[in-house]
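Residues 165 to 284, numbered by this note's numbering, are exactly what the sequence shown covers, in order.
For every residue, glycine included, the Cβ atom is placed at its ideal position computed from N, Cα and C.
Read the structure below first, then the notes.
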Amino acid sequence: MSTGVLIVDDSHFMRNLLRQILEEDYDIVGEASNGAEAVKLYKEQEPDIVMMDIVMPKCNGIKATAAIKKLDPDSRVIMCTSVGQREKMKLAVKAGADGYVTKPFEEPSVRKALRDVIPA
């Protein structure tokens with residue numbers, strides 16, 4: 165059984181990059197460009213993991229993570245953060261983030277972040 169991943173980022177380029185890194189080993193169940201879409205897609209697709217950008221229009225990744233965790237306390241959310249966003253990362257962890265990966269994405273760090281939150 166493959167692991168379903170929802171990719172959430174307001175940048176089309178970043179979503180494409182994550183898809184290219186992950187699609188060989190994971191099932192990409194959807195993509196969203198803001199937190200509101202992410203919560204809606206989470207309800208519809210029930211992914212195993214959400215790759216969530218922090219800074220997005222309409223609803224940021226911190227609010228969306230909190231909403232997803234409220235819907236499903238067992239959800240697994242990995243935050244995608246830019247270098248230098250330490251304070252936002254602390255808020256994301258408070259909201260329930262299970263891990264994080266730093267932009268610009270590098271394949272080994274993205275894969276490690278996913279392995280770290282997938283139950284053995």
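In this structure, the CA atom of Ile242 is about 10 Å from the CA atom of Thr266.
Ranked by Cα distance from Asp236, the options Cys223, Gln209, Val219 are led by Gln209. Apart from sequence neighbours up to five positions away, no residue of its chain approaches Glu187 with a beta-carbon distance below 7 Å.
Met243 carries a strand assignment under DSSP once its states are collapsed to helix, strand and coil.
Annotation: Gly199 is outside any beta strand (DSSP E); the continuous alpha helix (DSSP H) that includes it extends over 199 to 209. Cβ contact annotation for Tyr190 (same chain, cutoff 6 Å, sequence separation greater than five): Thr167, Val169, in chain order. Ranking Gly260, Pro268, Lys227, Ala231 by CA distance to the CA of Thr245 puts Pro268 first. Across the structure, Glu195 and Gly225 are spaced so that their CA atoms are roughly 14 Å apart. Apart from the 5 residues on each side of it in sequence, Ile282 sits with its Cβ closer than 8 Å to the Cβ of Thr167, Asp212, Ile213, Arg240 in its chain, given in chain order. Closest in alpha carbon position to Met220, among Glu251, Ala202, Gly248, Asn180, is Ala202.
DSSP, reduced to helix, strand and coil, places Met220 outside both helices and strands of the structure shown, so it counts as coil.
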